[in-house]
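Please read the structure below before turning to the comments.
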Amino acid sequence: MSVFSEKLQDKFKHYLARYETRRSAILPILHEIQDEYGWIQPEHIESLEKEYGLAKVHVQEVVSFYSMYRTEKPRPYRIYFCDNIVCTLMGAEKTMEKIRKVMKSYEDKGLESPFSLEGVPCLGVCDGAPAMLVNKERYLRVDSEKVEEILMKYGA
Amino acid sequence: MPAAKHKIVTAFEGIPQSRSLETYLKHGGYQNLKKALSMKPDALVDLVKASGLRGRGGAGFPTGLKWSFIPKDSKERYLVCNNDEGEPGTFKDRYILELSPHMLLEGMIITAYAIQSKKGYVYTRCEFYEEIEWLNQAIDEAYETGYLGENIIGSGFSFNLDHYIGAGAYVCGEETGMLSSLEGKKGYPKLKPPFPAVAGYLGKPTIINNTETLATIPWIIEHGAEAFRKFGTEKSPGTKLFCVSGPVKNPGVFERPLGYPLQKLIYEDAGGLIDGKELKAVIPGGASSPVLNKEDVMTMKLDFESLAGAGSMLGSGAVIVIPHDVNIFDVFKVTADFFHHESCGQCTPCREGTGWIANILQGIEENKGSPADFERIYKIATQLMGRTICALSDAAAMPARGFVNKFRDELNAYIETKRNTR
Ligand SMILES: Cc1cc2nc3c(=O)[nH]c(=O)nc-3n(C[C@H](O)[C@H](O)[C@H](O)COP(=O)(O)O)c2cc1C
Ligand code: SF4
Ligand code: FES
Chain A
1 MSVFSEKLQD
11 KFKHYLARYE
21 TRRSAILPIL
31 HEIQDEYGWI
41 QPEHIESLEK
51 EYGLAKVHVQ
61 EVVSFYSMYR
71 TEKPRPYRIY
81 FCDNIVCTLM
91 GAEKTMEKIR
101 KVMKSYEDKG
111 LESPFSLEGV
121 PCLGVCDGAP
131 AMLVNKERYL
141 RVDSEKVEEI
151 LMKYGA
Chain B
1001 MPAAKHKIVT
1011 AFEGIPQSRS
1021 LETYLKHGGY
1031 QNLKKALSMK
1041 PDALVDLVKA
1051 SGLRGRGGAG
1061 FPTGLKWSFI
1071 PKDSKERYLV
1081 CNNDEGEPGT
1091 FKDRYILELS
1101 PHMLLEGMII
1111 TAYAIQSKKG
1121 YVYTRCEFYE
1131 EIEWLNQAID
1141 EAYETGYLGE
1151 NIIGSGFSFN
1161 LDHYIGAGAY
1171 VCGEETGMLS
1181 SLEGKKGYPK
1191 LKPPFPAVAG
1201 YLGKPTIINN
1211 TETLATIPWI
1221 IEHGAEAFRK
1231 FGTEKSPGTK
1241 LFCVSGPVKN
1251 PGVFERPLGY
1261 PLQKLIYEDA
1271 GGLIDGKELK
1281 AVIPGGASSP
1291 VLNKEDVMTM
1301 KLDFESLAGA
1311 GSMLGSGAVI
1321 VIPHDVNIFD
1331 VFKVTADFFH
1341 HESCGQCTPC
1351 REGTGWIANI
1361 LQGIEENKGS
1371 PADFERIYKI
1381 ATQLMGRTIC
1391 ALSDAAAMPA
1401 RGFVNKFRDE
1411 LNAYIETKRN
1421 TR
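Protein chains in written order, with this note's numbering: chain A, 1 to 156; chain B, 1001 to 1422.
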């Protein structure tokens, strides 16, 4: 029995046959695993070696090099806030402060915040600075007022 | 393509449903591919050479010349579109995907034919979730209608294209880092020479071009080299996408002829600064380009040679406007932290040097600075240049030197105010 669903296994096979080398399938396979399970777990890496012959060292190298692969169980809503030049100029820090406040309000009640916050490099949407992603959803011109409404949408 | 003044890659601006294949075809889409396929591949390389087109990804290398570096006797060749758009301040390739992904595809297929490549990749950063879907759809449509795949529109030429998605690493925008990533490895850049045109993807000859560069190709096929040279300057022919960001009234992407006045771009096209703010400085070509002060801005022309002459660079065309009420130190620090964070660590000068600069700035911010600090940063930055595997190290060093050069007084005054509050 594989740890991966049938659907995922089909996708893996497709990627493994698609590129000039099997190794090139590692990045797309990891994206699929992360989409399905939220993060890349040690047992996934084990299984990729056992079931598909993708060397553990090769997979591990990729997982640790690229910042968008997660190796810990994530919170339901991950906020990636651009803290690069333009977003900083346009007030990113103030908005992030607001997000931290919302997150802290959970902790104050002894709850775990459903949000996590991470500063990321330029998201390539600087005409809409400050910019952020919540999971895969993009938000532009998020000032400290607008961000409250957005977080409420996610249940804050 | 829809004909409008100054519009090459933004020809579809304002046209409804511009992304669809139907719209693209209605406006003459893929006609240039037809034309190109009836020409000899070498004639296409010569045409692009004659147009004087220079790479739009940052370095400005002549595109036709790059194509001609592929060894004549090589069989397997690859084409890679650099759609990583990681240079802070840059959002132009995204705009091309938003307007007309088919224009990029047509440019790629023509380029593939010109260099006789049968397999290509578009490498896109993963954070462009929506744009990735748009391009995927365009690729599917192109396969369905026979513009991609075997025997393209009955020409006997075949070209297959894959869309490869990155995973969050600025250094993968560097062409050899991108090749490592496409090979399924960590995005370590590789020592040049050999250049990718000779030994690239899997050691095979590979042409890597930026999205905007490739999207320009159909227009050049349609109108010819002379028409292209009517825009721009002798050394920088054609138009360029400029991304204007910061506190201006209309931030966005503007296609303008090279040699265009920076002042006009900021004050007319982008509408000037908001809320009565005054301009203090401009970063003219993305985070790697040295900053300009107000005096420079007022006379600067946006082309490769003018910016190089002023000690900066055109880079990716990302114009970041910095207002009077922002401390230049803060901009410097964000920039330095970014390059330190993104250094892949292979080369000692880059790994250590970017860290030292970031640490010194951190110290100043924590009120532990001394007036000698900025001279030290300048010296470290100088040591970072020209001695590493890839140009990320130079990309970190040049703006650091630029901030010290142009804003030494303000930076030193910042240390003083910090000390007085100690
Ligand atoms: C650190 C670094 C990051 C880069 N990032 C990008 C990028 O995101 N997009 C891009 O097109 N070129 C980028 N480049 C430039 C590429 O290495 C390469 O010059 C370019 O893709 C060539 O295409 P062109 O000749 O059409 O400009 C980067 C270069 C360096 C050193
Ligand atoms: S210069 Fe920096 S980013 Fe480039 S290969 Fe060396 S360490 Fe890596
Ligand atoms: S600097 Fe924030 S999106 Fe570019």
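All residues carry an ideal CB built from backbone N, CA and C; glycine is no exception.
- A straight line joining the alpha-carbon of B/S1393 with that of B/L1025 spans about 44 Å.
- The C-beta of B/F1403 comes no closer than 8 Å to any C-beta of chain A.
- Inter-residue distance for B/I1153 and B/T1145 is about 8 Å (C-alpha atoms, whole angstroms).
- Per DSSP, the continuous beta strand (DSSP E) segment holding A/C82 begins and ends at 77-82.
- The closest CA to that of B/L1135, considering only B/P1062, B/L1148, B/H1102, B/E1127, is found on B/H1102.
- The DSSP assignment places 1294-1299, 1304-1309, 1328-1342 as complete runs of the alpha helix (DSSP H) inside the segment 1263-1344 of chain B, in order along the chain (cut-off: 4 residues).
- Residues of the segment 86-100 of chain A with a C-beta atom less than 8 Å from some C-beta of chain B are V86, T88, L89, M90, listed in chain order.
- Taking 8 Å as the upper bound for CB-CB distance, B/A1167 and A/Y19 are not in contact here, some 16 Å apart.
- B/L1361 has its alpha-carbon roughly 11 Å from the corresponding atom of B/V1331.
- Annotation: Cβ neighbours of A/T21 in chain B (cutoff 8 Å, chain order): E1183, G1184, L1202.
- Judged by their CB atoms, B/E1295 and B/H1324 are not nearer to each other than the 8 Å cut-off.
- Cβ proximity to chain A below 9 Å picks out D1337, F1338, H1341, E1342, C1344 from the segment 1336-1362 of chain B.
- Residue list for ligand 2: B/V1171, B/P1189, B/S1343, B/C1344, B/G1345, B/Q1346, B/C1347, B/C1350, B/R1351, B/T1388, B/I1389, B/C1390, B/L1392, B/S1393 (CB closer than 6 Å to any heavy atom, chain order).
- Distances from the alpha-carbon of B/G1173 to those of B/M1300, B/R1401, B/G1057 put B/G1057 closest.
- If you draw a straight line from the Cα of B/D1084 to the Cα of B/T1421, it comes to about 43 Å.
- Put simply, the backbone Cα of A/L117 is about 42 Å away from that of B/G1259.
- In this structure, the beta-carbon distance from B/F1304 to B/G1060 falls below 8 Å.
- When 7 Å is used as the limit between beta carbons, B/I1322 is near these residues of chain A: L89, in chain order.
- Taking B/F1228 as reference, the option from B/K1049, B/G1029, B/I1415, B/E1416 with the minimal CA-CA separation is B/K1049.
- Taking the C-beta atoms as reference points, B/T1388 is found nearer than 8 Å to B/C1347.
- Counting the other Cβ atoms within 10 Å of the Cβ of B/D1337 gives 16 or more, which makes it buried.
- Here the C-alpha atom of B/G1285 lies approximately 35 Å from the C-alpha atom of A/T71.
- The DSSP-derived three-state label of B/L1047 is helix.
- Residues R22, A25 of the same chain have their beta carbon placed closer than 6 Å to that of A/L16, with the five preceding and five following residues left out of the count.
- At a Cβ-Cβ threshold of 8 Å, B/P1247 and A/M1 do not count as neighbours.
- About 19 Å separates the Cβ atoms of A/P121 and B/Y1095, ruling out a contact at the 8 Å cut-off.
- Secondary structure at B/F1228: helix, using DSSP grouped into helix, strand and coil.
- If you draw a straight line from the Cα of B/A1036 to the Cα of B/R1054, it is about 20 Å long.
- Against chain A, the CB of B/E1085 has a partner CB under 8 Å away; the residue lies at that interface.
- Contact check for A/P114 and A/R75: beta-carbon distance about 6 Å, within the 8 Å limit, so the pair qualifies.
- Judged by their CB atoms, B/E1255 and B/T1233 are not nearer to each other than the 8 Å cut-off.
- B/K1240 sits in a strand when the DSSP states are folded into three classes.
- Between B/T1211 and B/D1093, the C-beta gap is smaller than 8 Å, which places the two residues in contact.
- In the DSSP assignment, B/T1124 forms a beta bridge with B/N1083, B/I1165.
- In terms of Cα proximity to B/S1038, the closest of B/V1244, B/G1272, B/I1221, B/V1404 is B/I1221.
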